[in-house]
Each structure stands twice: as C-alpha cells, then as structure tokens.
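Only one structure is covered here, and it is reproduced in the block below.
There are 2 protein chains.
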Amino acid sequence: MVNVKIQHDCKDELNGVELRATPARIALMHLLETTDRPVDVQTMISFLEKKGIQADPATVFRIVNMFTEKGLTKQIQLQEGKSRYELAAQNDHHHLVCTKCGDIQDISDCNIEVLEKEISLKKKFRVTSHSLEFFGICNDCQKKTS
Amino acid sequence: MVNVKIQHDCKDELNGVELRATPARIALMHLLETTDRPVDVQTMISFLEKKGIQADPATVFRIVNMFTEKGLTKQIQLQEGKSRYELAAQNDHHHLVCTKCGDIQDISDCNIEVLEKEISLKKKFRVTSHSLEFFGICNDCQKKTS
DNA sequence: GTTTTACTTGCGAGTTTATTGCACTTATGG
DNA sequence: CCATAAGTGCAATAAACTCGCAAGTAAAAC
C-alpha cells in the first residue's frame, strides 16, 4: 500500500518545466509555496538543513536560477545586496520592507499599470516589468520604541 | 592673481557636511552633479583615473558611504547586484532601466504619494521611502531589432 | 608659514553573494 | 534494472563590499 500523500510533492510542477524532481527542488518548491514572503538563498539552505537535506550553496543558486529561467519563480532584490525569490504564479504585488526588523509584507492591487501606459507613450519605452518597494517602519516596530 | 574658478569646486558642499575637500571627493561630487543617471563605483573609479586621480576601490566605497550618510547622495539598487549613487538633492523621481543596453533614464512626477498614504493607513506601516523602477526596452533598442 | 591634529587614504586581508568546470551521483524513461 | 541525461558536490574564481592599521594630507591653530 502506497502512502497517501499528505501534501502534493511538486513533482508535477517540476516535470512540467522539464526539471527533475530531486529532494532539494521538491523541498524548495514547498518552501516557496508555503512562505508569504520572498526567500533568500541562505534561508533556503537553513530550511533544507532542518529537513535533513544538506545542499551546497552552489546547488541552491543553480536551483533558483533554473526555477527563474523556467518561469517558476521571480528573482527580486530589496536593496539588501542579495537576491530573493518568490513564486512567479503569485499575482502582481509589491513589498513593504521594514528597515528596522527586516520584515517583508506583500501589498497588491496598486494601479501602476496606469503609469506604465503613460510611460510607454510618453517615453517610447516598452515596459516589460516593474519593481516597487516601500521602505519604512512596520506596525510592530512602531510600537516597540514609541 | 588667483585663478578665476571656471566651475565651483564643491568645497562648500563638502565642508558644509563636515567632510574635507579631497581631490577624489571633489571630482566625484562634480561627476554626480553633471551626470543625469545614478553612477556605480566602477564608473567612478574610471572617471577618477581619467582625471589623473587614482583611487583605491575601498576609498571610493568609503566616499560614497560618507556622502550617503551625510545626506549628499542617495544609494539605489536597480536589480543589478550592485549599488548606484545619485545626488540626494534631485527631486523625487524614478528610473527606466533598459534590460537590453542597460541605459537608465529618469522619470519624475508620478503620484506614488497617494499610494503611500493609503498604505500608511491600511497597513499601519510608516513609509519613509520607496523605490520604483520600470524595466523594459528603450526607444533605441526597439529600433535596432524591429 | 609652520606645526598640529584629526580626518583620509592605500594596502592587505577578509566577507558575502554568486558563478563555473569537472567528476561523481541520481532521477527518469525504456 | 539499466542507460543516460540531468543534477549535485567540491574547489576554484569573481565581483562587490568592509575593516584595521599605518602613512599621508586638509584644515585649523599658532
């Protein structure tokens, strides 16, 4: 009797883009699917370790590059000097970055699209993507020192 | 007879923030004042070299950090994995980054402020700054392969 | 103008993020 | 179960950036 899958193993997503379902990839896909904020490579490595999968940084970098190349993830940089990754499937959204505690929240439904159209016309610049981050102090940090 | 200054030497700006007016700093201030796009450290080093000032990268990094700390410049990152610097005095504006040729244009008069206010209220997040970049293909690059 | 002093810089070593080549291992299809 | 193409570990390398310390220099004091 085969074990009943308590949660899907991401094999379909991976095979769907011609990537083999290795333990590290499956675990990372799962991490990305269950985390509500973009994840950096060091966090991924720690996560894998906790799961008993020890992975070389080079491998994790290669994995996230593959994921991004195949369109599974998006690579973003929040002015930290390193990259973070989030599922590409998530709808258009932006980030609130707390400059004190590093907390990252998502925000959605902004209408940057209006601006994009204006730019396309006025500047003759074909916008393919945009990046919008707000920096400041999150609710919790405001409470701490006020 | 003292030489008539053909252009101001930035000493006032530097002394005004308690920074000594060294050749490298003067030259870099001048570069930032005459360039219409954010400058990275390598470009600064090349620029200094052309001016006959050879400066160690560590020194340039220290200079731009000081400039930013003193409020002369702003540090920005355009998803390139490195920092760029521009005068802080420039009014609020954003960037169009061509993903093909790397060209960077400024755009101003967007009304992100409206969004900022909404976020402050809805998310109880005190926004202190924001970063907005549009990526795409600039006018020149569109012509080249069309 | 010279001295003094504190600020600056160069140099070397080190850190972090990220990439690459190569040999070894493994997931997948037959 | 086997073959093989894909994936991984390891080591070397690269680029961006930082730090400590000794030597140099701008600015102020004399």
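Chains A and B are the protein sequences, given in the same order. So in this note's numbering, spot 141 of the first sequence is number 141, and the numbers just go up one at a time. So in this note's numbering, spot 96 of the second sequence is number 242, and the numbers just go up one at a time. Heads up, the beta-carbon is just placed ideally off N, CA and C, and yes, glycines get one too.
Under a Cβ-count criterion, where at least 16 other Cβ atoms within 10 Å of its own Cβ denotes burial, should T180(B) be classed as buried or exposed?
Translated into positions along the second sequence, residue 180(B) becomes position 34. T180(B) should be labelled exposed.
From M44(A) to N237(B), what distance separates their C-alpha atoms?
The count along the first sequence starts at 1 and reaches residue 44(A) at position 44. The count along the second sequence starts at 1 and reaches residue 237(B) at position 91. Roughly 39 Å between the two C-alpha positions.
Tell me the rounded alpha-carbon separation between L131(A) and Q54(A).
Translated into positions along the first sequence, residue 131(A) becomes position 131. Translated into positions along the first sequence, residue 54(A) becomes position 54. Contrary to the premise, residue 131(A) reads as Ser rather than Leu in this sequence. Spanning the two alpha carbons is a distance of roughly 33 Å.
With DSSP collapsed to three states, give me the class of C98(A).
For the purposes of this step, residue 98(A) is taken as the residue at position 98 of the first sequence. C98(A) falls in the strand class under three-state DSSP.
Quick check: the Cα distance between D186(B) and K11(A), rounded to an integer number of angstroms?
As a first step, residue 186(B) must be located in the second sequence, where it is residue number 40. As a first step, residue 11(A) must be located in the first sequence, where it is residue number 11. Approximately 42 Å, taken between the alpha carbons.
If C284(B) sits next to C247(B), beta carbons under 8 Å apart, how far is it from one beta carbon to the other, in whole angstroms?
Taking the second sequence and counting its residues from 1, the one referred to as residue 284(B) is at position 138. Taking the second sequence and counting its residues from 1, the one referred to as residue 247(B) is at position 101. Confirmed, about 7 Å.
Any beta carbon from chain B within less than 8 Å of I104(A)'s own beta carbon?
Along the first sequence, one-based indexing puts residue 104(A) at 104. No, because no Cβ of chain B sits closer than 8 Å to the Cβ of I104(A).
To be precise: take each residue of the region 276 to 288 of chain B, compare its Cβ to all Cβ atoms of chain A, and keep it if any distance is under 8 Å. Which residues remain?
Within the region 276 to 288 of chain B, the residues whose Cβ lies closer than 8 Å to some Cβ of chain A are H276, S277, L278, E279, F280, F281, G282, I283, C284, N285, Q288, listed in chain order.
Have a look at F67(A), L115(A), I107(A) and flag the residue whose alpha-carbon is nearest the alpha-carbon of G16(A).
The residue labelled residue 16(A) in the question sits at position 16 within the first sequence. Comparing Cα-Cα distances from G16(A) to each of F67(A), L115(A), I107(A), the minimum goes to F67(A).
Hey, quick one: how far does the beta strand (DSSP E) through I191(B) stretch, first residue to last?
Here the question's residue 191(B) lines up with position 45 in the second sequence. Per DSSP, I191(B) belongs to no beta strand (DSSP E); it is in the alpha helix (DSSP H), 187 to 196.
What are the partner residues of F280(B), as DSSP defines its beta bridges?
Here the question's residue 280(B) lines up with position 134 in the second sequence. In DSSP, F280(B) forms a bridge with H130(A), L242(B).
Is it buried or exposed for R208(B), if we count other Cβ within 10 angstroms and need 16 for buried?
Reading the second sequence from its first residue, position 62 is the one you call residue 208(B). When all chains shown are included, R208(B) counts as exposed.
Tell me, to the nearest whole angstrom, how far the beta carbon of Q251(B) is from that of R126(A); I am working on the premise that it is less than 8 Å.
Along the second sequence, one-based indexing puts residue 251(B) at 105. Along the first sequence, one-based indexing puts residue 126(A) at 126. Actually they do not touch by this definition, with Cβ atoms about 13 Å apart.
Measuring CA to CA, which of Q221(B), V210(B), L174(B) is closest to G198(B)?
Counted from its first residue, the second sequence places residue 198(B) at position 52. Considering only alpha carbons, the answer is L174(B).
Would you please state the rounded distance, in angstroms, between the beta carbons of T160(A) and T274(B)? I believe it to be under 8 Å.
With chain A covering only 1 through 146, there is no way to say anything about residue 160(A).
When the cut-off is 8 Å and only beta carbons count, does L261(B) lie next to chain A?
For this step, residue 261(B) is matched to residue 115 along the second sequence. Yes, L261(B) lies at the interface with chain A (some Cβ there is under 8 Å from its Cβ).
Contact criterion: CB-CB distance below 8 Å. Does C101(A) meet it with respect to chain B?
Looking up residue 101(A) in the first sequence gives position 101. No - not a single Cβ of chain B is within 8 Å of the one on C101(A).
Does DSSP put Q79(A) in a helix, a strand or coil?
Counting from one through the first sequence, the residue named residue 79(A) turns up at place 79. Here Q79(A) sits in coil by DSSP.
From what residue to what residue does the beta strand (DSSP E) around D252(B) run?
Residue 252(B) sits at position 106 when you count from the first residue of the second sequence. Taken as a continuous stretch (DSSP letters only), the beta strand (DSSP E) holding D252(B) covers 250 to 254.
Please classify L267(B): is it buried, with 16 or more other beta-carbons within 10 angstroms of its beta-carbon, or exposed?
Against the second sequence, residue 267(B) aligns to sequence position 121. Looking at its Cβ environment, which holds fewer than 16 other Cβ atoms inside 10 Å, L267(B) is exposed.
Kindly say whether F125(A), judged by its beta-carbon, lies nearer than 8 Å to any beta-carbon of chain B.
Walking along the first sequence from the start, residue 125(A) turns up at place 125. Yes, because at least one Cβ of chain B sits closer than 8 Å to the Cβ of F125(A).
How is K74(A) classed by DSSP in three states: helix, strand or coil?
Taking the first residue of the first sequence as 1, we reach residue 74(A) at position 74. K74(A): strand per DSSP, three-state reduction.
Only counting the same chain, and skipping five residues up and downstream in sequence, which positions put a Cβ closer than 6 Å to that of G217(B)?
For the purposes of this step, residue 217(B) is identified with residue 71 of the second sequence, where counting begins at 1. Contacts found: A234.
Going straight from the alpha carbon of F135(A) to that of H95(A), what length do you get?
Sequence index remark: in the first sequence, residue 135(A) carries index 135 (1-based). Sequence index remark: in the first sequence, residue 95(A) carries index 95 (1-based). Cα to Cα, F135(A) sits roughly 8 Å from H95(A).
Nearest-angstrom Cα distance between E49(A) and R84(A)?
As a first step, residue 49(A) is located in the first sequence; it is residue number 49 there, counting from the start. As a first step, residue 84(A) is located in the first sequence; it is residue number 84 there, counting from the start. The alpha-carbon atoms of E49(A) and R84(A) are separated by roughly 19 Å.
Does any residue of chain A bring its CB to less than 8 Å from the CB of I253(B)?
Taking the second sequence and counting its residues from 1, the one referred to as residue 253(B) is at position 107. Judged by the 8 Å Cβ criterion, I253(B) is in contact with chain A.
Using a Cβ-Cβ cut-off of less than 7 Å, give me the residues of the region 35 to 47 of chain A that come near chain B, in sequence order.
Those residues of the region 35 to 47 of chain A that come within reach of chain B (Cβ to Cβ, closer than 7 Å) do not exist; the list is empty.
Please tell me whether R171(B) and L178(B) are closer than 8 Å, where the distance is taken between their beta carbons.
Position 25 of the second sequence, counting from 1, holds the residue named residue 171(B). Position 32 of the second sequence, counting from 1, holds the residue named residue 178(B). Result no, Cβ atoms of R171(B) and L178(B) do not sit closer than 8 Å.
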